[in-house]
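Going by my numbering, the sequence shown wraps up at 377, each residue one higher than the last.
Where is the CB? At the ideal position from N, CA and C, for every residue including glycine.
Being a predicted model, the structure only gives us computed values, none of them experimental.
Input: a single structure, listed below in structure tokens.
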Amino acid sequence: MYGTKSKTLTSSGAVTTKVTQTATGNSPQRIYAAPARVTSIQAVCGASAGSIVLKDNGTGGTTLVDLATPGSATATVSVDFSETGLRFPTDCFATLTNVTSVTVLYA
């Protein structure tokens with residue numbers, strides 16, 4: 271017969287199921303290497319007009335987000351998808367063009 275073990279865990283902060291990942295630079299970057307639901311994007315724009323492209327299934331996969339950004343080094347962009355988020359069935363890759371940085375919130 272097997273015994274039962276248990277362990278009590280205590281939290282030292284707020285419990286969350288959402289995680290953020292920040293990307294910078296112009297080369298494709300993996301945001302998350304498993305299925306995810308992107309709930310929002312916040313970006314700091316570059317001096318020239320640019321774009322944020324999020325793809326599922328690697329850099330050659332399906333484009334799910336193609337967001338144009340304004341040309342203003344002081345501008346920010348914030349896009350919220352619904353509470354359930356935008357589903358990336360395989361993984362999430364970001365390619366930034368003339369964008370200083372982007373933060374992707376996903377669950």
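Of the listed residues the options, nearest to residue i (C-alpha basis)
i: residue 352; options: 298, 363, 307 and 325; result: 307
i: residue 341; options: 320, 373 and 375; result: 320
i: residue 336; options: 346, 301, 345 and 365; result: 365
Residue i - containing beta strand (DSSP E), residue span
i: residue 326; result: 320 to 326
i: residue 310; result: 306 to 315
i: residue 373; result: 369 to 376
i: residue 338; result: 332 to 339
Neighbourhood of residue i by C-beta distance below 6 Å, restricted to the same chain and skipping five residues each side
i: residue 348; result: 312
i: residue 331; result: 325
i: residue 368; result: 316, 318 and 320
DSSP state of residue i mapped onto helix, strand, coil
i: residue 358; result: strand
i: residue 348; result: strand
i: residue 292; result: strand
i: residue 365; result: strand
i: residue 275; result: Residue placement at residue 275 is poorly supported in this model, since its pLDDT is 47, which falls under 50; the coordinates still yield a value, given next. Here residue 275 sits in coil by DSSP.
Spatial neighbours of residue i in its chain, beta-carbon cut-off 8 Å, leaving aside the 5 residues before and after
i: residue 305; result: 357, 358, 359, 360 and 361
i: residue 328; result: 360, 361 and 363
Whole-Å CB distance - residue i paired with residue j, under 8 Å assumed
i: residue 314; j: residue 354; result: That pair is no contact at about 26 Å.
i: residue 293; j: residue 372; result: 5 Å
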